[in-house]
Amino acid sequence: MALPDQLKDFGRAPLRWIKAHKILSVGLLILLWILTEIATLPYGAVGRLKKSNPSETALMKERGDQERGQGKAFKIRQRWVSLGSISKDLVKAVIVAEDGTFWSHEGFDWYEFRESVERDIKEGRAARGASTITQQLVKNVFLSSSKNPLRKLKEWILTWYMERVLSKSRILELYLNVIEWGNGIYGAEAASVYYFGEPASELSREEAARLAAIIPSPRRFRADEDTRFVTRRSNLILERMAARGY
């Protein structure tokens with residue numbers, strides 16, 4: 505009879521430890537949960553992006569759920585094209601607007617990140633974004649638009665991994681084909697046709713700057729309207745392009 509009693513005592517030992525170390529136990533459970541979340545990230549799906557395009561992104565699904573939840577129809581306008589079939593002016597405009605050091609960084613622009621943090625602290629709110637093109641692509645394809653710390657940690661890990669698995673050109677090609685450019689409008693080709701009635705390969709310099717200008721707020725502003733925001737931001741993008749010799 506002694507052995508069963510010893511086993512019972514052995515089985516109760518963890519419970520006694522947890523009761524004696526409640527805070528530590530909670531911390532260990534949270535750590536285990538975070539490690540599980542990290543271990544189950546879609547690393548394989550990132551690798552498959554070398555040769556295949558995502559059929560539906562996390563953002564598309566989120567937008568569709570939101571629209572259908574309000575009883576609205578949701579139609580996706582998107583047409584995949586190669587990077588070479590996109591106006592070089594649009595490629596350059598997007599880079600100077602969204603991620604000026606894209607070709608040289610390894611997924612993170614630490615200078616912009618520091619500037620963003622300093623401004624956020626000064627203004628007491630999230631006033632300035634500092635996400636690189638790779639970070640935006642990761643969030644767009646795999647994650648939600650939530651700003652919770654765990655989602656941000658996932659974004660950083662997948663960004664680091666993506667930069668080591670995919671070429672810069674492939675990252676840029678994916679980004680320009682999946683980013684939101686209006687309600688239900690995804691990618692440069694669909695946006696070019698929708699706003700200017702022409703393929704992405706034929707965009708003028710000014711049209712390219714206008715498309716790049718609305719990336720931060722694609723469902724609020726239109727590239728083909730002369731609002732103060734679009735005019736001011738597109739002119740700034742053109743100035744940056746000229747300063748870089750683009």
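Under our numbering, think of the first position of the sequence shown as 505, with each following residue one higher.
Even for Gly, the Cβ is constructed at its ideal location relative to N, Cα and C.
- Taking the Cα positions, I580 is about 25 Å away from S635.
- Counting only residues of its own chain and dropping the five nearest sequence neighbours on each side, N644 has a CB closer than 6 Å to the CB of T561, L563 and V682.
- Of all alpha-carbon atoms in V669, S559, P558 and D593, the one lying nearest the alpha-carbon of Y547 is that of V669.
- Of all C-beta pairs linking the region 592 to 611 to the region 721 to 731, fewer than three are shorter than 8 Å, placing the two stretches out of contact.
- If you keep only unbroken alpha helix (DSSP H) runs of at least 4 residues inside the region 563 to 614, you get 592 to 602.
- By DSSP's assignment, E684 forms a beta bridge with Y690.
- DSSP places Y750 outside both helix and strand once states are collapsed to three, so it counts as coil.
- Annotated three-state conformation of G548 is helix, per DSSP.
- Inclusion of G691 and F578 in the CB contact set at 8 Å is not warranted, their separation being larger than that value.
- Ranked by Cα distance from R709, the first of L545, I527 and I590 is I590.
- The C-beta of K651 has fewer than 16 other C-beta atoms within 10 Å across all chains shown, which makes the residue exposed.
- Secondary structure note for R714: its alpha helix (DSSP H) is the uninterrupted segment R709 to A717.
- Taking C-alpha positions only, K555 is separated from Y679 by approximately 14 Å.
- Around A597, the same chain offers A712, A713, A716 and I741 as residues with beta carbons nearer than 6 Å, after the five sequence neighbours per side are excluded.
- Secondary structure note for E667: its alpha helix (DSSP H) is the uninterrupted segment P653 to V669.
- Counting only residues of its own chain and dropping the five nearest sequence neighbours on each side, E677 has a CB closer than 6 Å to the CB of L587.
- C-alpha of I675 to C-alpha of T638: approximately 7 Å in a straight line.
- Sixteen is the threshold: since fewer than 16 other Cβ atoms of the shown chains lie within 10 Å of the Cβ of A746, the residue is exposed.
- If you compare the alpha carbons of L553, G575, A695 and F612 with that of S671, the shortest gap goes to L553.
- For the alpha helix (DSSP H) assignment, the region 719 to 743 encloses no uninterrupted run of at least 4 residues.
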